[in-house]
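Participant: Numbering (the working numbering), first residue to last: 208 to 321. Using N, Cα and C, we set each Cβ at its ideal position, and we do this for glycine too.
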Amino acid sequence: MFDFEKLEVYAKAKSFNSSVSKFLDHAEVSKNKKDQLERAAFSIMLNIAEGTGRFTKPDKKNFYIIARGSAFECVAIFDYLFDQKLINQELFREFYSNLEEMSKMPFALIKSLS
């Protein structure tokens, strides 16, 4: 088992990425917005994994910062989709609360490396 597979934040990021993929399969959203959301969601998971494979604290920290930034990017995209009435409030709140929780987890990893 790889170290990142033991992290709760990785499991949550993986589940979130799956939820986003399912949402995008049926969403009536432009191709470029779908692509941006898909890449941002995937980036959370990948950067957490890559960060655990790094040897120095600053290097690990950088990848966790990027993962957290990608979570914020997803929030902004969902906020836009909600404002444009492309998703309902219930779905927005579901994704938002998952992202809020997920953004705190890399922050804890970042603080532990400072």
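Where does G258 land, buried or exposed, given buried means 16+ other C-beta within 10 angstroms?
Facilitator: Buried, by the Cβ-count rule.
Participant: Give, in chain order, every unbroken run of the alpha helix (DSSP H) that is at least 4 residues long and sits entirely within the region 209-263.
Facilitator: Those alpha helix (DSSP H) runs which fall completely within the region 209-263 and span 4+ residues are 215-233 and 238-259.
Participant: Count Cβ pairs between the region 288-302 and the region 249-266 that sit closer than 8 Å; are there 3 or more?
Facilitator: Not touching, per the Cβ criterion.
Participant: Following the continuous alpha helix (DSSP H) through L316, name the residue where it begins and the one where it ends.
Facilitator: Here the alpha helix (DSSP H) through L316 covers Q296 to S319.
Participant: Buried or exposed, going by whether 16 or more other CB atoms sit within 10 Å of the CB of K264?
Facilitator: Exposed, since its Cβ has fewer than 16 Cβ neighbours within 10 Å.
Participant: So, are the CB atoms of L231 and K241 less than 8 Å apart?
Facilitator: Yes, Cβ-Cβ distance for L231 and K241 is below 8 Å.
Participant: DSSP state of L288, grouped into three classes?
Facilitator: In this structure, L288 counts as helix in the three-state DSSP scheme.
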